[in-house]
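Worksheet for the structure shown next.
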Amino acid sequence: MSPRAALSAALLGALVAAGCATMSDEEASRRALEVMKASFAERGQAKLDRLDQDETQRLCSIPPGSALPKDVAGKLEKENLASIVYPADGKLLGDWKAGERVAQSGVGKQFSDDPKQPSGANCYACHQLSKQEISFGTIGPSLYQYGKLRGASAGIQRYTYGKIYNSNAFTACSNMPRFGHKGILTEQQMKDLTALLLDPESPVNK
Amino acid sequence: MKRSLASLLAAATLIALPAAALAQSTVDEIAKYRQQLQDGNPAELWEARGEDLWKQKRGPKNVSLEGCDLGKGPGVVKGAYAELPRYFADADRVMDLETRLVHCMVTQQGFSFADATRRPFGNGSSRSEFEALAAWITSESKGVKMNVRLGHPKEREAYQIGEKIFYFRGGPHDFACATCHGETGKRIRLQDLPNLTDKAGAQLAYTTWPAYRVSQGEVRSFEWRLYDCFRQQRFPELKFTSEAAIALTTFLARNANGAEFNAPAIKR
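Here you go:
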C-alpha cells in the first residue's frame, strides 16, 4: 500500500469509527426501497406492491422503543381509528370455539400459502390466551383472563373488536397486525376472536 | 438421537403440572434437547461434500474453485468467512459468501449465472452446492473473531441500506425484521427470538449460521435464513444473491464483530 493509500484508509477507518455515514437518512431510505424492489420477486399472492408502504408503515419503520413525536403518533392513531368498520348488524360477539381455532392458526398471506384458504390470526404466536395452551409467545402481553378482568360491556366489546381490526388506532406503531384494516381476517373471524377474549365460557376467562 | 426423543417424551409427560410451571419445564426440556444435539452434528457431511466441491474440477472450463478469492487471496479459505461480506475490487461491489461463490463459478469455472444459481437451497434429493460449500467454508472460520470492516464507501452504503431494510415495515402484516428481533427475551410460541439490535444477541445469532436444521434434515445457509424470514414476514420472494440479501447480511455480520464464529451449528 502506498503511503497515500494508507493514509486514506486510516482516514476512512477514523470516519467509520466516528459513525460517519455515507448517505443522509433520507437518501438511505430511498436507496433501501430501490434495492428491495430489485431484490424481491413476485410469487403466488405475494406481489411487489407489498413493498409499497402506507403512511403508518413508513413512519413506523423505526427501532422498537424509539417513540414517534407525540403529535405524529396522535395523528396516526386518529387516522387508523377512522379506518375501523364495525359490523352492520351491531353484534360483536361471535363463537369463542371458532375464535380459538383462528387464534391457533398461523396460515395465510405467505407466498407459500393457498390464497383460497382463510387466514389465521396466530394470536398464540405472540400472546398467552388460555391456560391449556402452553405453547405461546411473549411479543405481546398475556391475554389470559382478558374478559374476566374487564367485563364484557358494550364499550369493552367495541374496544376489543377495534383493537383486532386496527391495533394502531390505539397504539401507534404497535407490533400487532391490523387484521381488519389489511384484510387478513373476515368480519366473522374478528367477532369470533372478540368472543374468545370476552365470553365467560371461553378458556381465556377460566 | 434416542436420548433426545426420550427428553421430548419426558416433556410431554409433564401435562399434569400447573400451566406456568409446565411452560417453564417445557422450555427447560427444549434447552436440554438443544444441548444434547450438540453431541454430533450431521453438518459434517455437508462440510465434506463442500470441500470436495471446492477442489473438484467443474464447469465448462473444468477448473476447481481453488483459484477463487474469498477476500484473503486466491484459494485462502481459513478465516475468510469471518470478514464477509466485503467489497471486491474485481467486481466493484460488496459480496456475501454465496454471491462471491457464484462470481467464481461464472468467471472461473465458466458456468452461466442461471446454471450456477439453479439450486440455492437443498430440498431432499435435490442438493444445493451452496449449502455444502457454505458449510465447509464457514467451518474454516470456526474460532475466528468476526471482523467485518466498513472501510470502503460501498461497504458503508451496504450497511446503511441493510439497517433500513431491517426496520422496514411492509406487507399485509406490517412486519419488519425488527418486529420479532428488536427486543430481548421474547419468544414466538416456544421459540426464543434473538434480539438482533443488541450486541450480544446479534453476535450469538450470526455466529451460529449456517446450521443443520433437525426439523428439515438440511444444512441451511445464511441466505436461506433471510429468505425464510421474509416468507414469514409475508414479503415477496427474496432473490438469491440479491443486493438486499447482501446489504442485510452486511448489517447483521458487522453487528456481530468481535464474537468468535461458531458454525455450522445445529438447531431444532
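The listed protein sequences correspond, in order, to chains D and V.
Numbering-wise (my numbering), the first sequence opens with residue 538 and increments by one.
Numbering-wise (my numbering), the second sequence opens with residue 4 and increments by one.
Glycine included, C-beta positions come from ideal geometry on N, C-alpha and C.
Chain V within 8 Å of residue i, Cβ atoms only
i               : result
T559 of chain D : yes
A662 of chain D : yes
Q594 of chain D : yes
I721 of chain D : yes
S679 of chain D : no
E730 of chain D : The residue you asked about is not Glu; residue 730 of chain D is Leu in the sequence shown. No, L730 of chain D does not count as interfacial toward chain V.
R747 of chain D : Beyond the ends of chain D as shown, which are 538 and 743, falls residue 747 of chain D; an answer cannot be given.
L585 of chain D : yes
Neighbour-count burial assignment, residue i, 16 or more Cβ in a 10 Å radius
i               : result
L48 of chain V  : exposed
R159 of chain V : buried
N126 of chain V : exposed
T593 of chain D : buried
N65 of chain V  : exposed
V622 of chain D : exposed
K615 of chain D : exposed
T697 of chain D : buried
V3 of chain V   : Any answer about residue 3 of chain V is impossible in this case: the structure gives chain V only from 4 up to 271.
A19 of chain V  : A caution first: A19 of chain V carries a pLDDT of 42, below 50, which makes its placement in the model too unreliable to give a value.
K700 of chain D : buried
A138 of chain V : buried
L596 of chain D : buried
P175 of chain V : buried
D99 of chain V  : buried
E564 of chain D : exposed
A83 of chain V  : buried
A94 of chain V  : exposed
Bridge partner(s) assigned by DSSP for residue i
i               : result
P77 of chain V  : V:D72
Y215 of chain V : V:V222, V:I269
R190 of chain V : V:D195
F178 of chain V : V:G173
R580 of chain D : D:A583
N126 of chain V : V:S129
V30 of chain V  : BP columns for V30 of chain V are empty, so no partner.
K148 of chain V : V:E263
E564 of chain D : For E564 of chain D, which the question treats as bridged, DSSP gives no partner whatsoever.
E240 of chain V : D:A578
V644 of chain D : None; V644 of chain D has no bridge partner.
R61 of chain V  : V:V66
Short CB-CB distance (under 8 Å) between residue i and chain D
i               : result
S142 of chain V : no
P88 of chain V  : no
H106 of chain V : no
G174 of chain V : yes
P123 of chain V : no
A250 of chain V : yes
T200 of chain V : yes
First and last residue of the uninterrupted alpha helix (DSSP H) at residue i
i               : result
R89 of chain V  : R89 of chain V -> not in any alpha helix (DSSP H); beta strand (DSSP E) instead, spanning 89–91.
E47 of chain V  : 46–58
K607 of chain D : 607–619
D118 of chain V : 116–119
N258 of chain V : 246–258
M727 of chain D : 724–735
G699 of chain D : 691–702
Q206 of chain V : 202–209
R595 of chain D : 592–596
K653 of chain D : Here K653 of chain D belongs to no alpha helix (DSSP H), and DSSP marks it neither H nor E.
R687 of chain D : 683–687
Y661 of chain D : 660–663
Interface partners of residue i on chain V, CB under 9 Å
i               : result
I676 of chain D : T182, C183, E186, K189, R190, I191, L196
Endpoints, beta strand (DSSP E) assigned at residue i
i              : result
M98 of chain V : 96–98
Contact list for residue i against chain V, beta-carbon separation under 8 Å
i               : result
I599 of chain D : Y170
M573 of chain D : I168, F171, A247
R715 of chain D : D177
Q590 of chain D : F171, R172, G173
Listed by chain order, chain D residues near residue i by CB distance under 9 Å
i               : result
L241 of chain V : S576, F577, A578
Closer than 7 Å at the beta carbon, the chain D residues around residue i
i               : result
A179 of chain V : S598
Q163 of chain V : A558, T559, M560, A565
Contacts that residue i makes with chain V (C-beta to C-beta distance below 7 Å)
i               : result
N712 of chain D : T182
F648 of chain D : R234, P239, E240
A569 of chain D : I164, K167, I168, F171
CB contact below 8 Å: residue i versus chain B
i              : result
I33 of chain V : Given the protein chain composition of this structure (D and V), no chain B is represented.
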